[in-house]
Amino acid sequence: MTLYSSRSAADVAAERLKIYAQPQRLMILSRLIDGEHTVSEIDEATGIGQPALSQQLAELRRADIVKTRRASKQVYYRLADENVMVCVKGIEAMFGGDGNAAGALSLALVGANPVRPVSRPKGAAAFARVG
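Residue numbers for the sequence shown follow our numbering, so the first one is 93 and each next one is one higher.
Written as structure tokens, this is what we have:
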């Protein structure tokens, strides 16, 4: 489904994007791209500080953008799923890079080792799969 053909899908997308459209949340999400981190690690990396960090983490939890894991007294945060990862990487590629958003976005979505088509020797037969 495309967004232009469904007002309800566009409304859902717009509401979801509002969660990402806050600078401190973007900083937190960017920090979580490489895996889970404790609140103190996120605070140290972003410099957001309490209580703003706790408030923004709570918003991200309520929106199911991040997940938590408790180990002893520490709470670890991570991105909720692959869809969130793709969205955050896309935002980073568009706004956090060197101006080559298209190239950065391709790398973000495909990874550093994109799948390349298998090459056949010249003269080799090629068959199409039907069904």
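Yeah, the Cβ is synthetic: ideal placement off N, Cα and C, and Gly gets one too.
Since the model is a prediction, treat every value here as computed from it, not as a measurement.
State the start and end residues of the unbroken alpha helix (DSSP H) segment that holds Gln148. Counting from 1 along the sequence shown, the entry for residue 148 is found at position 56. Ala144 to Arg154 is the extent of the alpha helix (DSSP H) around Gln148.
Check whether Ile125 and Ile134 have beta carbons under 7 Å apart: Numbered from 1 along the sequence shown, position 33 holds the residue referred to as residue 125. Numbered from 1 along the sequence shown, position 42 holds the residue referred to as residue 134. Result no, Cβ atoms of Ile125 and Ile134 do not sit closer than 7 Å.
Look at the alpha carbon of Gln116 and the alpha carbon of Arg153, and state the distance between them as a whole number of angstroms. Counting from one through the sequence shown, the residue named residue 116 turns up at place 24. Counting from one through the sequence shown, the residue named residue 153 turns up at place 61. So the alpha carbons of these two residues sit roughly 14 Å apart.
Supposed close pair Ala101, Arg123 - CB separation, criterion 8 Å: If you number the sequence shown from 1, residue 101 lands on position 9. If you number the sequence shown from 1, residue 123 lands on position 31. About 30 Å; that fails the 8 Å criterion.
Between Tyr168 and Glu128, is the Cβ-Cβ spacing less than 7 Å? Position 76 of the sequence shown, counting from 1, holds the residue named residue 168. Position 36 of the sequence shown, counting from 1, holds the residue named residue 128. Going by C-beta atoms, Tyr168 is nearer than 7 Å to Glu128.
State buried or exposed for Val104, treating a residue as buried only when at least 16 other CB atoms are found within 10 Å of its CB. Indexing the sequence shown from 1 puts residue 104 at position 12. The residue is exposed, with fewer than 16 neighbouring Cβ atoms inside 10 Å.
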